[in-house]
Amino acid sequence: MNYRKFIIRLFTFLGGIYFFLEFVLPGKVAGVQIDQYHDQISRGFIVVGAMAVGLGLINLLMVHGSKIIFRRKGAINSLALLSGLFLMMFVSGSVWLADLNRANSVRKITSLASFAERIAQDYQIKKKGVKPYYVRNQLLKDAAFKALNELDNSVNKLDLSRLPESSTDSTLLKSLKRDFTVAMMESDNALAKLQVSESDKPDFSANNKVKQSLQTVAFLSREIKSVLYRYSTIRRIYTLLFDGLFVSLGSAMFSLLGFYIAAAAYRAFRIKSAESTLMLLAALLVMLGQIPFSIWIWDGFTDIRLWLLSVPNTAAFRAIKIGAAVAGLVMAIRMWLSIESESFERGTEL
């Protein structure tokens, strides 16, 4: 007995039966919560999908790497593909790290802003097991002053010379820095008003001001670094590779497809039968209703175009969608029951 084929089919069936039962059955049946493991199982499928992407990358390296190493036909194309792959992976990873660093630079400030609000909430609900509010306010005050000082130093050390003086981003950056300085002063004033000694009537209005001012400081700091990041070397390389090369190549490809579609439409619209004549007439009416100067010929072309698109065309699209849905359902059932097992059969012969 081939246990490998059996295990693959078993896991395929179990994965399909769970989502099928979750869809057709209520959330709870006979005391059993059907949908309580949905999130965990969905995360597992995400992991499997990530592994599939990794396997695809390995396969890509094996196929094209072997062509380059053994200098087979198409080695130059494979070299260009792998070079672009690694270059784009490096640049995209650098962009991701830059975004992560900007978020981490203000994470301490945003956490302290949430802590300022939590102090007031814990006192109002009389939460047990926490330190008195004035002690927590003192801890908040000390930590916030330290974090603000570090953030202010990091912002002041930023290199502003990369921005052209006459650019709109330069004006925006100056405005953001002024607002940042004002927000820093407001944060210092709000922190100074925190109650750090025991009082019969605690006032948490200062905590709310501390929260708002710290959030403003964090937002302005991110905006300043985002403006500067647009002029960084890694961002310019990413823009060159993505907007300059990838988008341009995609536009060229779809332009060629447009010519192929036009050529296919020309061949399809030849009057060879009643069906092709009807198609040609419908296309002619739609085009006449779309172009602006058709109203000078007859103003009824627009209404005919709308009717053709909303009634016969919609019915045809619905029929196509229904057919595609039925075909997808049949294919899903075949995969669920492992009827599409040609790959399994090949695997047993190895």
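Position 172 of the sequence shown, counted from 1, bears residue number 172 in our numbering, the numbering being contiguous throughout. Don't be surprised by glycine CBs; every beta carbon is placed ideally from N, CA and C. Quick caveat, the model's predicted, so the values are computed rather than measured.
In chain order, each alpha helix (DSSP H) run of at least 4 residues that lies wholly inside the stretch 153-224 = The qualifying runs are 168-192.
Could you give the C-beta distance for Phe180 and Ile224, rounded to a whole number, given that I count them as a contact under 8 Å?
-> Going by Cβ atoms, the distance from Phe180 to Ile224 rounds to 6 Å, so yes, they are a contact pair.
Taking all protein chains shown into account, decide if Leu14 is buried (16 or more other Cβ within 10 angstroms of its Cβ) or exposed.
-> Label assigned to Leu14: exposed.
So the alpha helix (DSSP H) Gln124 belongs to, where does it begin and stop?
-> First-last of the alpha helix (DSSP H) with Gln124: Arg107 to Gln124.
Leaving aside the five residues before and after Leu220 along the sequence, list all residues of the same chain whose C-beta is less than 8 Å from its C-beta, in chain order.
-> Once the five neighbours on either side are set aside, the close Cβ partners of Leu220 are Leu176, Asp179, Phe180 and Ala183.
Who are Gln33's beta bridge partners in DSSP?
-> Looking at the DSSP assignment, Gln33 forms a beta bridge with Lys28.
Smallest Cα separation from Ala218: which of Asn149, Leu241, Met279 and Gly244?
-> Out of Asn149, Leu241, Met279 and Gly244, Asn149 has the C-alpha closest to the C-alpha of Ala218.
Where Arg72 falls, given that 16 or more other Cβ within 10 Å makes a residue buried | Per the 10 Å Cβ criterion, exposed.
Cβ-based burial, Val106 [other Cβ within 10 Å; buried from 16] = Of the residues assessed, Val106 falls on the buried side of the cut-off, its CB having 16 or more other CB atoms within 10 angstroms.
What is the residue span of the alpha helix (DSSP H) that Tyr238 lies within?
-> Following the DSSP letters along the chain, one finds Tyr238 inside the alpha helix (DSSP H) bounded by residues Thr233 to Thr239.
Does the beta-carbon of Val155 have 16 or more other beta-carbons within 10 angstroms, so that it is buried, or is it exposed?
-> Buried, because 16 or more other Cβ atoms sit within 10 Å of the Cβ of Val155.
Close-in-space but distant-in-sequence residues of the same chain around Ala143 (CB under 7 Å, 5 per side omitted) = Counting only residues of its own chain and dropping the five nearest sequence neighbours on each side, Ala143 has a CB closer than 7 Å to the CB of Leu112.
Going by other Cβ atoms of all chains shown within 10 Å of its Cβ, with 16 needed for buried, is Ile333 buried or exposed?
-> That one is exposed.
Helix, strand or coil for Leu337 per DSSP?
-> Looking at Leu337 - three-state DSSP - the assignment turns out to be coil, as it is neither helix nor strand.
Looking at Arg9 and Ser338, is the spacing between their C-beta atoms short of 8 Å?
-> Yes.
Residue range of the unbroken alpha helix (DSSP H) whose run includes Phe45 | Per DSSP, the unbroken alpha helix (DSSP H) holding Phe45 starts and ends at His38 to Ile69.
Straight-line CA distance for Leu278 to Ala319?
-> Leu278 and Ala319 have their C-alpha atoms roughly 19 Å apart.
Assigned secondary structure, Phe269 (DSSP; H/G/I helix, E/B strand, else coil) = The answer is coil: DSSP assigns Phe269 none of H, G, I, E or B.
Taking Cβ positions, are Gln215 and Asp203 nearer each other than 8 Å?
-> Going by C-beta atoms, Gln215 is not nearer than 8 Å to Asp203.
Should Lys131 go down as buried or exposed, given a rule of 16 or more other Cβ atoms within 10 Å for buried?
-> Flag for Lys131 reads exposed.
Of the listed residues Leu173, Phe145, Leu160 and Trp96, nearest to Glu186 (C-alpha basis) | Selected option, being the one with the closest Cα: Phe145.
Since I believe Asp169 is in contact with Arg230 (beta carbons under 8 Å), could you give me their beta-carbon distance rounded to a whole number of angstroms?
-> The Cβ separation is near 7 Å, so the contact holds.
Whole-angstrom distance between Tyr266 and Leu257, CA atom to CA atom | Taking the straight line joining both Cα atoms gives about 14 Å.
Check Asn137 in the structure and name its three-state DSSP category.
-> Residue state, collapsed to three classes: helix.
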